[in-house]
Amino acid sequence: DAMTAGHERGPVRAARGAERTAKSWGAEAAKRMLMNNLDPEVAEHPEDLVVYGGTGKAARSWEAYDAIVRTLDELEPDETLLVQSGKPVGVFRTHEWAPRVLIANANLVGDWATWPEFRRLEALGLTMYGQMTAGSWIYIGTQGILQGTYETFAAVARSLGRESLAGTLTLTGGAGGMGGAQPLAVTMNEGAVLIVDVDASRLQRRVAHGYLDEVAPDLDTAVARAVAAKESGAARSIGVVGNAALVFPELLLRGTPVDIVTDQTSAHDPLAYLPVGIPFEEWKAEAARDPEGFTARARGSMAKHVAAMVGFQDAGAAVFDYGNSIRAEAQLGGFDRAFAFPGFVPAYIRPQFAEGRGPFRWVALSGDPEDIRKTDEAIKALFPDNAGLVRWLDKAAEKVHFEGLPARICWLGYQERHLAGLKFNEMVAAGELAGPIVIGRDHLDAGSVASPYRETEAMADGSDAIADWPLLNALLNTASGASWVSIHHGGGVGIGRSIHAGQVTVADGTPLAAEKLARLLTNDPGTGVMRHVDAGYERAREVARERGLIVPMP
Ligand code: NAD
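First residue of the sequence shown: 877, per my numbering; consecutive thereafter.
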């Protein structure tokens, strides 16, 4: 079966080093990043081509994967490969400034944009769920979300009038590819955290990678240890195997002294959320046998899960939705107070977006961790006055275990990112690094996403669902020198609920790369400032004025 042939081919691993087999670094970088997404060290379920986020895939099938790799090796430096939902569909003559790959994943016409219709088309082999960075080949493992999660929890501490989370207990669910960043983000903020997942292997993976301190043998032990950590002010993360829809209500009932509650189970996809009453071993078979029935049961469980979260809020805890659509799903499950707590973007992140700040990330194609150490130092030297950034880079260097190709993430804004890109390109040109650097970002960024339950929830002008912005972002990045550009539907929050775009480029040390980096890494975050100026955010207006962004209508 072509869909599962990955089992026999052995694990995928990207080539390392400064020699390429493709004809341009743009194509070589795309190929290595596709492979890196499927590296078992990186991907959650590589045998199914699933990278993270429920069923976020890197290619539609193993046959499609092979064809993409083959085509990228043969692609001329003035050609562009088109990828339609994980399948390579055409090669066209363009020019050197054009992207080497253009990607569209999971897009559906509005009235058809539902999970049942998506799954019908997926079963016919016509589409693929690309999540955000799975199908656009710039996932860098759990670190990719770590800084955003760290920043969010730092903002939570500030909102509680605290300097750090020391002395607090956070309760959360979901220790998957993204959710697995939560325990380390909380302990980096000096807090205690209890994290619940139905899948013991996910919790163990986080322990192995240094994101989680321990897995407790049972709930009573877990709670005792978590409360002891809170009381002694210790930074400690404790995992426990269980269903959040049972554990959250149980802890509420017991009056467990929880200060902060959130969740990152894969609630955006009801088939990726295990309902109460279905044994873990029967999850996949049951979801395949009766997707409609399974969805109803999952939503019923989410209603209980979210009702407990609201209960904690009523009891005085800080509670927020962590971008997985669990409020919307719980509402569909019949719980009418689901939106009693806010999403994390309006609560903590929007002011950063107004400055074009977001998750800038880079990857060393050499495979040499020294390249990341040197680029870390370069960023600190570029932005010495940004204390939060310097602290983050120091903590990341100490705590982050690389998964796949060595990579780094840090949040940078408009008129900052291109300085970093140009510096990396100079370092490659001067031979200071052992190979080219891939530079990209999450689709969760200031100007690249329309997602009314997450990034664009509660916009000042009510423009939450306007999806012109990510399309303009992708078109502009295509015209600004990106190596690959993608437009996806449904990432993060599920089918029907988001449209978002990504861009990736490569600093190969050439003067042409410098020209492209200067434009691309200015224009891309510039669209974030533009979008927030248009929506009426005063800080965005100031940034546009101070940093010279032209917005014709005030
Ligand atoms: P994932 O599929 O890798 O992990 C989800 C985890 O939830 C799995 O380990 C699974 O076992 C667990 N789970 C499922 N049902 C459960 C239940 N009833 N009780 C306890 N655990 C349960 O997904 P991920 O990549 O970690 O993403 C998690 C969610 O966060 C997704 O909805 C994703 O779209 C969203 N997300 C948010 C952000 C953000 O910035 N806030 C970023 C990326 C993804």
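Glycine included, every Cβ here is placed at the ideal spot set by N, Cα and C.
inquiry  = Check whether the segment 1176-1189 and the segment 1334-1350 touch, using three or more Cβ-Cβ pairs below 8 angstroms as the test.
reply    = no
task = Give the range of the alpha helix (DSSP H) segment to which Asn912 is assigned.
result = 901-914
Counterpart residues of Ser1113 in DSSP-defined beta bridges = Val1069
inquiry  = Tell me the DSSP secondary structure of Gly1264 in three-state form.
reply    = helix
task = Reducing DSSP to helix, strand and coil, say where Asn1119 ends up.
result = coil
query = Assuming Ala1057 contacts Ile1014 under a Cβ cut-off of 8 angstroms, what Cβ separation, rounded to an integer in Å, is found between them?
reply = About 16 angstroms separates the two Cβ atoms, so there is no contact after all.
ask   = Apart from the five residues on each side of it in sequence, which residues of its chain come closer than 7 angstroms, Cβ to Cβ, to Ala1120?
value = Gly1049, Val1072, Asp1139, Thr1141, His1181
Check whether Ala1439 and Glu1066 have beta carbons under 8 angstroms apart = This structure cannot settle anything about residue 1439, because the visible part of the chain is limited to 877 through 1430.
ask   = Residue ranges of each alpha helix (DSSP H) run of no fewer than 4 residues wholly in the segment 1281-1315, ordered along the chain?
value = 1293-1305
ask   = Sorted by chain position, which residues of the same chain lie with C-beta nearer than 6 angstroms to Arg1078's C-beta, five sequence neighbours on each side aside?
value = Ala1051, Gly1052
query = Are the segment 922-933 and the segment 1391-1408 touching by the rule of at least three beta carbon pairs closer than 8 angstroms?
reply = no
inquiry  = Can you determine whether any heavy atom of the ligand NAD sits closer than 7 angstroms to the C-beta of Tyr1149, and answer yes or no?
reply    = yes
query = Among residues of its own chain, excluding the 5 on either side of Lys899, which ones have a beta-carbon nearer than 7 angstroms to its beta-carbon?
reply = Leu951, Glu952, Pro953
query = With Met1064 and Tyr1026 assumed to form a contact (beta carbons below 8 angstroms), what rounded beta-carbon distance in angstroms separates them?
reply = 5 angstroms
Cβ neighbours of Val1369 in the same chain (closer than 6 angstroms, five flanking residues each side left out) = His1144, Ser1201, Ser1327, Tyr1329, Arg1330
key: Beta-bridge partners of Ala1383, as assigned by DSSP   = Ile1313
query = Shortest alpha-carbon distance to His1365 belongs to which of Ile1375, Gly1357, Trp938, Glu1292?
reply = Ile1375
request  = Return the chain-ordered list of same chain residues with a C-beta closer than 6 angstroms to the C-beta of Ala1163, the five sequence neighbours on each side being excluded.
outcome  = Leu1147, Phe1170
inquiry  = If I measure Cβ to Cβ from Ala1389 and keep anything under 6 angstroms in the same chain, skipping five residues before and after, which residues do I get?
reply    = Asn1301, Ala1383
query = How about Met1054: is its Cβ closer than 7 angstroms to a heavy atom in the ligand NAD?
reply = yes
ask   = Is Thr830 near the ligand NAD, judged by its Cβ being under 7 angstroms from some heavy atom?
value = Nothing about residue 830 can be reported from this structure: the residues present for the chain run from 877 to 1430 only.
query = Roughly how many whole angstroms lie between the Cα atoms of Gly1036 and Gly886?
reply = Checking the sequence shown, residue 1036 turns out to be Leu, not Gly. Using only the alpha carbons, I get a separation of about 49 angstroms.
key: Inter-stretch contact (C-beta, 8 angstroms, three-pair minimum) for the segment 995-1009 and the segment 959-967   = yes
ask   = Would a C-beta distance cut-off of 8 angstroms place Gln1484 and Gly1367 closer than the cut-off?
value = Because the chain in this structure spans residues 877 to 1430, residue 1484 falls outside the shown range and cannot be described.
query = If you scan the segment 1006-1088 from start to end, which runs of the beta strand (DSSP E) of 3 or more residues do you find wholly inside it?
reply = 1045-1049, 1068-1073
request  = May I have the straight-line CA-CA distance separating Asn912 from Val1304, to the nearest angstrom?
outcome  = 21 angstroms
task = Look at the alpha carbon of Ala1033 and the alpha carbon of Ala1100, and state the distance between them as a whole number of angstroms.
result = 23 angstroms
query = By Cβ distance, which residues of its chain are closer than 6 angstroms to Val1380, with the 5 residues on each side in sequence left out?
reply = Ile1014, Gly1316, Ser1359, Trp1360
task = Would you kindly check if the distance between the Cβ of Ile979 and the Cβ of Ser1012 is under 8 angstroms?
result = yes
task = Report the three-state DSSP secondary structure of Pro1235 (helix, strand or coil).
result = strand
Extent of the continuous alpha helix (DSSP H) run through Thr947 = 938-950
message = Whether or not the segment 1236-1256 and the segment 1279-1293 are in contact is what I'm after, with contact meaning three or more pairs of Cβ atoms, one per stretch, closer than 8 angstroms; do they touch?
response = yes
request  = State yes or no: is the C-beta of Ile869 within less than 8 angstroms of the C-beta of Leu1269?
outcome  = Because the chain is modelled from 877 through 1430, residue 869 falls outside the range shown and cannot be assessed.
inquiry  = Using the three-state DSSP reduction, which class does Tyr1149 fall into: helix, strand or coil?
reply    = coil
query = Are Gly1311 and Leu1241 touching if we call contact CB-CB under 8 angstroms?
reply = yes
task = Assign Glu895 to one of three DSSP states: helix, strand, or coil.
result = coil
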